[in-house]
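This report refers to the structure that appears directly beneath it.
Numbering (my numbering), first residue to last: 142 to 288.
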């Protein structure tokens, strides 16, 4: 019988959803699929959590049997389809920074050792498109248990 192993990335996603939900509706997914959708039920502004790359952070040390240091990026994508999208995206950006203040960005997940935002990027609507976005990559370093 195998024991369940904690999935730190899933715990981080759940924690981020909880932290960000007072700002706007939050869903996990691929923002490109949302941009392709013409779903009128989507809110005017919302947040997409889109997991990014994950790297092992060994720093010259051998891999261990019971745990592995990893660094993952979680893209917090602020989305708007308002005609005047810029003020709302700026306000959400500041709200995200306030909600994730502190050394571990407010993430109550065991095993996290460091958290920081990487370079943030605005994305403007394409010609004829409706969606604008502001991508806030959050890099989280943690220890992933393996047993």
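All C-beta atoms, glycine included, are put in the ideal place defined by N, C-alpha and C. Since the model is a prediction, treat every value here as computed from it, not as a measurement.
Runs of the alpha helix (DSSP H) lying entirely within the segment 199-278, each at least 4 residues long, are 227-240 in chain order. Selection 146, 164, 257 evaluated against residue 215 yields 257 as nearest (Cα-Cα). In this structure, residue 200 keeps its C-beta atom at 8 Å or more from the C-beta atom of residue 286.
Contact between the segment 246-254 and the segment 161-176 is absent: fewer than three C-beta pairs spanning the two stretches fall below 8 Å. Checking the DSSP bridge columns, you'll see residue 285 partnered with 209.
Residue 205 sits exposed, since fewer than 16 C-beta atoms from the chains shown fall within 10 Å of its C-beta. Annotated as distal: residue 279 and residue 188, with beta-carbon spacing of 8 Å or more. DSSP, read as helix, strand or coil, puts residue 190 in strand. Between residue 240 and residue 229, the alpha-carbon positions lie close to 16 Å from each other.
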